[in-house]
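Start counting the sequence shown at 169; every next residue gets the next number (my numbering). Idealized CB from N, CA, C, for every residue including glycine. To start, the structure itself, in structure tokens.
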Amino acid sequence: MKKALITGITGQDGAYLAELLLDKGYEVHGIKRRSSLFNTERIDHLYKDLHEDNVRFKLHYGDLSDSTNIIRIIQEVQPDEIYNLGAMSHVKVSFDSPEYTANVDGIGTLRILEAVRLLGLTEKTRIYQASTSELYGLVQAVPQSETTPFYPRSPYAVAKLYGYWITVNYREAYNMYAVNGILFNHESPLRGETFVTRKITRATARIALGLQEKLFLGNLDAQRDWGHAKDYVKAMWLILQQEKPEDYVIATGITTYVRDFVRMSFQEVGIELEFKGTGEDEKGYVTACTNPEYQLPIGKEVVAVDKNYFRPTEVELLLGDPTKAKTKLGWELEYDLPALVNDMMAADLKLFKKDQLLKESGHRVFNFHE
Ligand code: NDP
Ligand code: GDR
Numbered sequence: 169m170k171k172a173l174i175t176g177i178t179g180q181d182g183a184y185l186a187e188l189l190l191d192k193g194y195e196v197h198g199i200k201r202r203s204s205l206f207n208t209e210r211i212d213h214l215y216k217d218l219h220e221d222n223v224r225f226k227l228h229y230g231d232l233s234d235s236t237n238i239i240r241i242i243q244e245v246q247p248d249e250i251y252n253l254g255a256m257s258h259v260k261v262s263f264d265s266p267e268y269t270a271n272v273d274g275i276g277t278l279r280i281l282e283a284v285r286l287l288g289l290t291e292k293t294r295i296y297q298a299s300t301s302e303l304y305g306l307v308q309a310v311p312q313s314e315t316t317p318f319y320p321r322s323p324y325a326v327a328k329l330y331g332y333w334i335t336v337n338y339r340e341a342y343n344m345y346a347v348n349g350i351l352f353n354h355e356s357p358l359r360g361e362t363f364v365t366r367k368i369t370r371a372t373a374r375i376a377l378g379l380q381e382k383l384f385l386g387n388l389d390a391q392r393d394w395g396h397a398k399d400y401v402k403a404m405w406l407i408l409q410q411e412k413p414e415d416y417v418i419a420t421g422i423t424t425y426v427r428d429f430v431r432m433s434f435q436e437v438g439i440e441l442e443f444k445g446t447g448e449d450e451k452g453y454v455t456a457c458t459n460p461e462y463q464l465p466i467g468k469e470v471v472a473v474d475k476n477y478f479r480p481t482e483v484e485l486l487l488g489d490p491t492k493a494k495t496k497l498g499w500e501l502e503y504d505l506p507a508l509v510n511d512m513m514a515a516d517l518k519l520f521k522k523d524q525l526l527k528e529s530g531h532r533v534f535n536f537h538e
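Below, the structure written as structure tokens:
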């Protein structure tokens, strides 16, 4: 039985990847951070009591900022594959916590590689590093491929640049199977609530259900190449199964404005929007409601721009070229953007219908906005 160790197992990708690897018969180990509240909501369905027989899913307390902890866990588990998904992954927040981000996202990668080397596991253990399209940053060329130059635009992206190159360096210096997946944005119903897609689908559901008045966003002109996380974790696994260790771009090859993602989400509940104005003065108004379940007044302003959500330096356009992954890995997409939006909206409507019921029966419901 193959053993995998996943850092960031409590995150969006960690949860889908753990599920995929368990289905493939792996023993899956994950590193989770100690927190004052349970933070395992995304993986609770995979958990089995350790006293049961044949438990193949195990969690270890740990943190990427702690070398001793990383070395001990890798020594204990002796993994065949490590997926380094743990990170402070929010681009805007990285401007608030740049040093912490560098430590975890940059040096954290080094800690994993160096632990494998020090423990004499370079022949046995394959390492996947969660690299990102944020490395491309300021547009040098489109579509962006494995050979496009990097120009990072945030403390997050600069930390990930270190993670990318230290992975390449350990591969070349020590002949390790250490590889980068340069993944473009991928989303799902498990996406963190403060990333733009999930913020939009949650707010759309809440506005349609009468639980929220308006959605405040930042740069509506940004363009992203959005895929479904379920498809992207399959690529991570494929990248570690090749004969030769190589880096791959994983993307859909289609880019969409943030504004159009908003439109598509509202269309899922039969609400048409029109955007008027530009920059910080742009607003989105209801022009039609075709679903009798979700009726809002025509002309109602449901989207506005708040400049606090703008970043000091922005990545305006991401559009990936997945040709290498498609030809060499045989990687295929199951979800296109409309299917992704449909999946996310269905989940958020289900979630907030519960809040609507609570509200109708006199309870107070809370929503933390960010
Ligand atoms: P999430 O933010 O959903 O998950 C991040 C995970 O990292 C969580 O489990 C989090 O734990 C954990 N983590 C954070 N800080 C530390 C730390 N100091 N030590 C150990 N673990 C830590 O991210 P995603 O699942 O979306 O992304 C997975 C990886 O892929 C990340 O590295 C991200 O940067 C990268 N990436 C993501 C893309 C995307 O579009 N989703 C695209 C390209 C790259 P906790 O739950 O306790 O917070
Ligand atoms: P990104 O994702 O920065 O691409 O990083 P995010 O969803 O945060 O932003 C995408 C784009 O939308 C614009 N935007 C807003 N973003 C947020 N979060 N909130 C808003 O209100 C808002 N309004 C407009 C942003 O400016 C940006 O242009 C994600 C993360 O998962 C990274 O970890 C990963 O590496 C990259 O994707 C690929």
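For glutamate 249, same chain residues with a beta-carbon under 6 Å away, outside a window of 5 residues either side, are Ala172, Arg294 and Leu408 in chain order. The beta-carbon distance between histidine 396 and glutamate 340, rounded to whole angstroms, is 33 Å. This is too long to meet the 8 Å contact definition. The Cβ atoms of leucine 303 and lysine 328 lie closer than 8 Å to each other. The three-state secondary structure of alanine 346, taken from DSSP, is strand.
Taking the C-beta atoms as reference points, isoleucine 199 is found nearer than 8 Å to glycine 254.
In this structure phenylalanine 318 does not touch glycine 386 by the C-beta definition: roughly 23 Å separates them, more than the 8 Å allowed. In this structure, the ligand NDP has no non-hydrogen atom nearer than 7 Å to the beta-carbon of leucine 525. Three or more beta-carbon pairs separated by less than 8 Å are not found between the segment 205-219 and the segment 229-239, which leaves the two stretches without contact. Rounded to the nearest angstrom, the gap between the Cα atoms of alanine 186 and leucine 441 is 38 Å.
One Cα belongs to tyrosine 332, the other to tyrosine 268, and the distance between them is close to 18 Å. Per DSSP, reduced to three states, the secondary structure at glycine 488 is strand. Here the distance from the Cβ of arginine 370 to the nearest heavy atom of the ligand NDP is not below 7 Å. The beta carbon of tyrosine 503 sits closer than 8 Å to those of Gly395, His396, Lys398, Asp399 and Asp511, all from its chain and outside the five residues before and after it, given in chain order. When the alpha-carbon of glycine 182 is set against those of Ser233, Ala298, Ser235 and Val284, the nearest one is in Ala298. Within a 10 Å sphere around the beta-carbon of valine 533 sit fewer than 16 other beta-carbons, which makes this residue exposed. In this structure, DSSP gives histidine 219 a state outside helix and strand, which the three-state scheme calls coil. The Cβ-Cβ distance between aspartate 389 and tyrosine 425 falls below 8 Å. Cβ contact annotation for leucine 188 (same chain, cutoff 7 Å, sequence separation greater than five): Val401, Lys402 and Trp405, in chain order. Annotation: the continuous alpha helix (DSSP H) that includes lysine 398 extends over 397-408. Per the C-alpha coordinates, the member of Glu414, Gln308, Pro357 and Gly274 positioned closest to alanine 325 is Gly274. Within the same chain, and ignoring the five residues on either side of asparagine 459 in sequence, the residues whose Cβ sits closer than 8 Å to its Cβ are Val437, Gly438 and Ile439.
By the CB criterion at 8 Å, threonine 335 and asparagine 348 fall inside the cutoff.
For lysine 494, there is no enclosing alpha helix (DSSP H), since its DSSP letter is neither H nor E.
Placement of the Cβ of glycine 274 at a distance of 7 Å or more from every heavy atom of the ligand NDP is found.
Across the structure, alanine 373 and lysine 527 are spaced so that their CA atoms are roughly 15 Å apart. Boundaries cannot be given for glycine 438, as no beta strand (DSSP E) includes it and DSSP labels it neither H nor E. Here histidine 219 is exposed: its Cβ has fewer than 16 other Cβ atoms, across all protein chains shown, within 10 Å.
Assignment of phenylalanine 263 by DSSP, reduced to helix, strand and coil, places it in the helix class.
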